[in-house]
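*Asks:*
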Amino acid sequence: MEAYQSGSNVLFILLGAIMVLAMHAGFAFLEVGTVRKKNQVNALVKILSDFGVSTIAYFFVGYSIAYGVNFFSGVETLMDKNGFELTKFFFLLTFAAAIPAIISGGIAERAKFHPQLIATFMLVGFVYPFFEGIAWNQAFGVQAWLKATFGEEFHDFAGSVVVHAMGGWIALPAVLLLGARYGRYSKDGRISAHPPSSIPFLALGAWILTVGWFGFNVMSAQTLDKISGLVALNSLMAMVGGTLVALLAGKNDPGFLHNGPLAGLVAVCAGSDLMHPIGALVVGGVAGGLFVVMFTLTQNRWKIDDVLGVWPLHGLCGAWGGIAAGIFGTKAFGGAGGIAFMPQLIMTVLAIVVALVGGAIVYGSLKAMLGLRLDQEEEYQGADLSIHKITATPEREPNW
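Under this note's numbering, the first residue of the sequence shown carries the number 1096, and numbering increases by one thereafter.
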């Protein structure tokens, strides 16, 4: 029975890892559809390359920092419990690799390629696992202090704060240090629209992410005996809430509509195992509206050229999700309880501080040493030709 149980757990978490791995295709196509045609190849290459670098960084450095576990023992040891620890690493790696995938959308169309790969290694190897260890592995006694002071620990079931807020807030200094794309904002205050190159690809990316998210959330239970249908239903309700509010607030704009479910799902991760489904609907709806309002503000009023809106989508909606779990997870709001508001607020703020400081150090250092962005001519030509020497479609190639 023990072998059967451990084998079932391995299969369960492996399926989750595969579903979250598939979400990286969603990140890729969401970016492909949102950027201009001359930068589509670069979007695809970045996501896959970042995943490769993330795997090396997390395997050799990051996982040890977060959980104190390494893989430098014999295969006989690694195969314990059908290799559960190995599939657990694979699952958590797909979360860690979401950090550079999130950032990629913010810095699109003007970032150099190799400095970003170095940033990926540093972020996934050091910055992300530092906070992951605090939140999910009792590092530095922060969780114990929260429990002693407020009666409950910080709760983030599937990573609203640990993954999404971290990714979005790390991206903010990267976007600010890079500066806006050439021609986006003129000195006389005019804003040049850079419309998406392909709404079908953007929608495809959003759908792949949405479907994979049910592995992201449900399989965060990590073992089969802890699986919860409540997580699945809450994810669904938050997704729908985000979709419908984004449709209304975005005035039928397909870009806003397809980011709406993602905003809702980002926000529900933290409390998806505790909230009532109606609470999840509200949390997702607020997130959908938050994304539309804040994306518009950052782009048009504050002139922050965050191409895919990753700071509003992941940074702000992730932070909202962490705090919302401390409201809608309580019994007073129909939740399961076992959660308190102050630990949620304190750890969300701590995540933002770690992300901003870590992002500023990594990208600030790279800007000083290597430079972060393409020169004006390379950017005008497009990252596809400038970096990869090929375009997504052959229209600009000579006739063979």
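Cβ coordinates follow ideal geometry from the N, Cα and C atoms, glycine included.
1) Just confirm the distance between the C-beta atoms of Gly-1200 and Val-1457, as a whole number of angstroms; I'd bet it's less than 8 Å.
2) Would you mind giving the Cβ-Cβ distance between Leu-1319 and Asn-1104, rounded to the nearest angstrom? I have them listed as a contact below 8 Å.
3) Compute the beta-carbon to beta-carbon distance between Ala-1298 and His-1353, rounded to the nearest angstrom, for a pair I have assumed lies under 8 Å.
4) If we count Cβ pairs, one from each stretch, closer than 8 Å, do we get three or more for the segment 1469-1488 versus the segment 1229-1247?
5) With distances taken from CA atoms, which of Ile-1151, Val-1130, Phe-1185, Gln-1135 is nearest Leu-1106?
6) Would you call the CB atoms of Phe-1155 and Ser-1101 closer than 7 Å?
7) Measure the beta-carbon distance from Thr-1443 to Gly-1417 and round it to whole angstroms, keeping in mind my assumption that it falls under 8 Å.
8) Measuring only the C-alpha atoms, how far is Ala-1341 from Ser-1292?
9) Would you mind sorting Ala-1098 into buried or exposed? The rule is 16 or more other CB atoms within 10 Å of its CB.
10) Going by beta carbon distance, what residues of the same chain come within less than 7 Å of Val-1148, once the five residues before and after it are set aside?
11) Would you grab the beta carbon distance between Thr-1182 and Ala-1112 for me? Rounded to a whole angstrom, and I think it's under 8 Å.
12) Would you tell me roughly how many angstroms separate the C-alpha atoms of Ile-1229 and Val-1448, rounded to the nearest one?
13) Please list the segments of the alpha helix (DSSP H) lying wholly inside the segment 1369-1429, counting only runs of 4 or more residues, in order along the chain.
14) Is the Cβ-Cβ distance between Gly-1355 and Gly-1380 less than 7 Å?
15) Rounded to whole angstroms, what is the Cα-Cα separation between Val-1256 and Asn-1165?
16) DSSP beta-bridge partners for Ala-1206?
17) So, helix, strand or coil for Ile-1160, using DSSP?
18) Please state if the CB of Phe-1146 and the CB of Ala-1192 are separated by a distance shorter than 7 Å.
19) Can you tell me whether Ile-1485 is buried or exposed, with buried defined as 16 or more other CB within 10 angstroms of its CB?
20) Between Gly-1466 and Ile-1286, what straight-line distance do the alpha-carbon atoms span, to the nearest angstrom?
21) What distance in whole Å lies between the Cβ atoms of Ala-1382 and Ala-1358, which are believed to be in contact at a cut-off of 8 Å?
22) By Cβ distance below 7 Å, which residues in the same chain neighbour Val-1503 in space, the five residues on each side in sequence not counted?
23) Compute the distance between the beta-carbons of Ala-1435 and Glu-1247, then report whether it is under 7 Å.
24) Starting from the Cα of Phe-1390, find the closest Cα among Gly-1410, Leu-1304, His-1371, Ile-1373 and give me that residue.
25) Measuring alpha carbon to alpha carbon, tell me which of Val-1130, Asp-1401, Thr-1189 ends up nearest Ser-1315.
26) For Leu-1109, tell me which candidate among Val-1130, Leu-1143, Ala-1120, Leu-1187 has the shortest Cα-Cα distance.
*Replies:* Let me lay it out:
1) About 17 Å; that fails the 8 Å criterion.
2) In this structure Leu-1319 is in contact with Asn-1104, their Cβ atoms being roughly 5 Å apart against a cut-off of 8 Å.
3) Yes, they are in contact, since the Cβ atoms of Ala-1298 and His-1353 sit about 5 Å apart, within 8 Å.
4) With a cut-off of 8 Å, the segment 1229-1247 and the segment 1469-1488 do not count as touching, because too few Cβ pairs lie within range.
5) It is Phe-1185.
6) The Cβ-Cβ distance between Phe-1155 and Ser-1101 does not fall below 7 Å.
7) Contact holds; Cβ gap of about 4 Å.
8) Rounded to whole angstroms, Ala-1341 to Ser-1292 spans 21 Å at the Cα level.
9) Exposed, because fewer than 16 other Cβ atoms sit within 10 Å of the Cβ of Ala-1098.
10) Contacts found: Leu-1212, Thr-1215, Phe-1216.
11) Right, their Cβ atoms sit about 6 Å apart.
12) Cα to Cα, the separation comes out at about 13 Å.
13) 1372-1391, 1412-1423, all fully within the segment 1369-1429.
14) Judged by their CB atoms, Gly-1355 and Gly-1380 are not nearer to each other than the 7 Å cut-off.
15) For Val-1256 and Asn-1165, the distance between alpha carbons rounds to 25 Å.
16) DSSP output for Ala-1206 lists Arg-1468 as bridge partner(s).
17) In this structure, Ile-1160 counts as helix in the three-state DSSP scheme.
18) Cβ distance < 7 Å, so Ala-1192 and Phe-1146 count as in contact.
19) So Ile-1485 counts as exposed.
20) Distance between the alpha carbons of Gly-1466 and Ile-1286 is about 26 Å.
21) Indeed they touch by this definition, with Cβ atoms about 4 Å apart.
22) The structure shown has nothing for residue 1503, since the chain only spans 1096 to 1495.
23) Ala-1435 places its beta carbon less than 7 Å from that of Glu-1247.
24) Nearest of Gly-1410, Leu-1304, His-1371, Ile-1373 to Phe-1390, Cα basis: Gly-1410.
25) The candidate whose alpha carbon is nearest that of Ser-1315 is Thr-1189.
26) Cα-wise, what sits closest to Leu-1109 is Leu-1187.
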